[in-house]
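I have placed the structure first, in the form of structure tokens, so that the comments after it can refer back to it.
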Amino acid sequence: MNPVSHPWATRLAVLSALALLTGCSSVEKTPTSQAPMACDMQGIGRLALDAQTRIIAVQNFKAGDEVRLANSPAPHVKTAVDVCMVKLVVGPGHPGPAGAPSTSPGIGIEVWLPARDQWNQTIRAYGSGGWAGGFYADPTRIGQGGGGNAMFLGAVQKGYAVSGTDHGHGGSVSGRNASFTMNPDGSVNTVLWQDFAERSLLEQAVKTKAVVKAYYGKAHSRAYFDGFSTGGRQGYKLAQKFHGQYDGILAGAPAFNWTRFITSELYPQVVMQRDLGRTIPNAKLHAASALALRSCGGTQASWGFLLDPLACTYNPARDPAALCAGEAGEAGVQGTNAQGTCLGLKEAQALNKIWYGMTRDGSAPDPAQDNGRTGSLAAQRGQLWWGLTRGTDLTALAGEKEPFPIASQVVALSLQNPRIAQKGMFSNATGNAEDGWKALSYSDLVSAYERGLAMQARFSHINTDSPDLSGLRDRGAKVLSYHGLSDQLIMPQGSLNYFDRLVQHMGGVDKVQTFNRLFFIPGLGHTGAFSGTASVGLDGAITPSSAVPLPQPATGRDELFNALRNWVEKGIAPERIELTAASGNLSLPICSHPKKAVLTGANPNVASSYTCR
98 MNPVSHPWAT
108 RLAVLSALAL
118 LTGCSSVEKT
128 PTSQAPMACD
138 MQGIGRLALD
148 AQTRIIAVQN
158 FKAGDEVRLA
168 NSPAPHVKTA
178 VDVCMVKLVV
188 GPGHPGPAGA
198 PSTSPGIGIE
208 VWLPARDQWN
218 QTIRAYGSGG
228 WAGGFYADPT
238 RIGQGGGGNA
248 MFLGAVQKGY
258 AVSGTDHGHG
268 GSVSGRNASF
278 TMNPDGSVNT
288 VLWQDFAERS
298 LLEQAVKTKA
308 VVKAYYGKAH
318 SRAYFDGFST
328 GGRQGYKLAQ
338 KFHGQYDGIL
348 AGAPAFNWTR
358 FITSELYPQV
368 VMQRDLGRTI
378 PNAKLHAASA
388 LALRSCGGTQ
398 ASWGFLLDPL
408 ACTYNPARDP
418 AALCAGEAGE
428 AGVQGTNAQG
438 TCLGLKEAQA
448 LNKIWYGMTR
458 DGSAPDPAQD
468 NGRTGSLAAQ
478 RGQLWWGLTR
488 GTDLTALAGE
498 KEPFPIASQV
508 VALSLQNPRI
518 AQKGMFSNAT
528 GNAEDGWKAL
538 SYSDLVSAYE
548 RGLAMQARFS
558 HINTDSPDLS
568 GLRDRGAKVL
578 SYHGLSDQLI
588 MPQGSLNYFD
598 RLVQHMGGVD
608 KVQTFNRLFF
618 IPGLGHTGAF
628 SGTASVGLDG
638 AITPSSAVPL
648 PQPATGRDEL
658 FNALRNWVEK
668 GIAPERIELT
678 AASGNLSLPI
688 CSHPKKAVLT
698 GANPNVASSY
708 TCR
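Just so we're aligned, residue 98 is where the sequence shown starts under the working numbering, counting upward by one.
As structure tokens, this is what we get:
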């Protein structure tokens, strides 16, 4: 099937044009009032939207109620405020055999509405993580299960009308299974790829606004999108393609460059299988990261993370304290480490490859000469993507037991062979996952990387890497992006690379910063719920997340989202945002890139000691 001529490609283009031409802009200066609709199936449940959309459930929760439907699993979160929840399905979905992962009734959407006297006239639409999914299209269950309601409720308590979606396919809330992307005959499911990558984002925006207007009797004043990881990618897809829908977009750890970076997530496992014939024990990975912290952290090493890990060039192959006693390292170094967490020379060299990032032949340069820190790939070295920053927890990608599931799935999809995926994490009528990734060579992984790029049309341009944000710029909307420098899944260099490409395409740093700003956050790992990050301490142990300054979700502090609102609504462009550790014993500023926090005062543990420059 030619995806360019697929009817959904045409429909998506028409929907996008209509959204812009018919005033589906997120700002309505003089909203038209109408009679509010009641929170039940006889009221808002009868809202007529379009022929493809049906409302499947409406539930009114009073303050103190458990937020649950008939089949919602525990734990059940209680709401502190009155809230109306509306569940919709936007078809046509993808018909097929009952029970097949590729069969879908359509895009499930939930809209959560605070009481009319508590609404702040603002929409806050949320993105998803991983492959999305959930129970949004099930009238008997809450979309994100039981405890997953906390983020939505936290925002509702602050007065926001909130929405979320399964992005076109249901089932598990883990977001780690891509079986929906392959038809039973093994072909690419272009319909659900498009729903996942693009169409669901437009439908979520348009349907949320319609439900909000029906319930409150008037349109919203402002609309924002808030996404992390896959949600960050979704934010940039909206900025690139559906720029008329939101006034502001908060994009955390954006998973753009999807097939590029996710294919490279499997590289650490390929390095260890090919170079060592086995994985490196987790305890050794933690110990090596601790040595990198000690080497590059200076007086701040005790934090458990580096202020600027991209500047760290630590090389365990030339560190006597890393190498096993008697082990000959590089440049004539002799190992002195008698602990069980010491490294052999080949293990140390494998870590340098993992830190540097994916190359065509599995090579890596001396980190003192090139540690992969920049936003430009080193073509002369055959570098295809970057590696994790030094000091970051390596076990998410280089763990001793298994790869990151999504990485093996993307490689399986690019090579159109489900057997390559991690066992138990991908199923298809033509074959199930069989851990075939273990046999991949360096050249096999390069083939998967190149095939992923070649298949972008069939994957509905999931890479989301266009540097053209002229539509968003011209409309006056804003994007605030941020990325943790201790991200253990999505390499922050990818965000740096995209920003550099924006600067080149859109006329320079000053012009880009009028509509798109990027903040790097030391110590922030990859946690879709923003609950913390696993940092590696100087002793190689994992330290509590409370030691790390983190942006908080809607249930707690909201520094980054508030900065976005101030930029959109008051014209105050964010230059410096201060973050405070949950423990209260550490505060740091984050600076609008390309500025960085530089220690200019006496106390490295307080934000006032740093200058952005």
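We treat Cβ as the ideally placed atom computed from N, Cα and C, and that holds for glycine.
Source: prediction; values computed, not measured.
Taking C-beta atoms as the reference points, A465 and N412 count as a pair closer than 8 Å. Within the same chain, and ignoring the five residues on either side of K498 in sequence, the residues whose Cβ sits closer than 8 Å to its Cβ are T376. Proximity of the stretch 554–570 to the stretch 435–443 falls short of the contact definition, fewer than three beta-carbon pairs being nearer than 8 Å.
The stretch 167–177 and the stretch 214–225 do not touch, with fewer than three beta-carbon pairs separated by less than 8 Å. Around H340, the same chain offers G568, L569, R572 and A574 as residues with beta carbons nearer than 7 Å, after the five sequence neighbours per side are excluded. Assignment of Y223 by DSSP, reduced to helix, strand and coil, places it in the strand class. Remark: C-beta atoms of L494 and Q370 do not approach each other more closely than 8 Å. A direct Cα-Cα distance of roughly 42 Å separates I503 from A135. L299 sits away from S201, with the two beta carbons spaced by 8 Å or more. Contact annotation: L510 and S544 have beta-carbon atoms that are not nearer than 8 Å. In this model, V187 and Y233 are separated by some 11 Å (Cα to Cα). When the Cα atoms are used, F658 and K667 turn out to be separated by approximately 14 Å. Bridge pairing for E675: P686 [DSSP].
Boundaries of the beta strand (DSSP E) harbouring H580: K575 to G581, taken from the DSSP string. The three-state reading of DSSP puts C136 in coil, since its state is none of H, G, I, E or B. Within its own chain, the residues whose Cβ lies closer than 6 Å to the Cβ of Q218, once the five positions on either side in sequence are excluded, are H317 and S318, listed in chain order. A residue is called buried when at least 16 other Cβ atoms come within 10 angstroms of its Cβ; D607 does not meet this threshold and is exposed. Under the DSSP assignment, D541 falls in the alpha helix (DSSP H) whose first and last residues are Y539 to A551. Beta-bridge analysis with DSSP links V368 to no other residue. Counted as a single uninterrupted DSSP element, the beta strand (DSSP E) harbouring G261 occupies residues A258 to T262. Taking a C-beta distance under 8 Å as the contact criterion, L685 and A704 qualify as a contact pair.
If you check the CB distance, G349 and P406 do not come in under 8 Å. With a 10 Å radius around the Cβ and a threshold of 16 neighbouring Cβ atoms, A160 comes out exposed. By the neighbour-count criterion, in which a residue is buried when 16 or more other Cβ atoms sit within 10 angstroms of its Cβ, G533 is buried. Residues of the same chain with a CB within less than 8 Å of the CB of D597, apart from the 5 flanking positions on each side, are G472 and S473 in chain order. The Cβ atoms of Y312 and L210 sit closer than 8 Å to each other.
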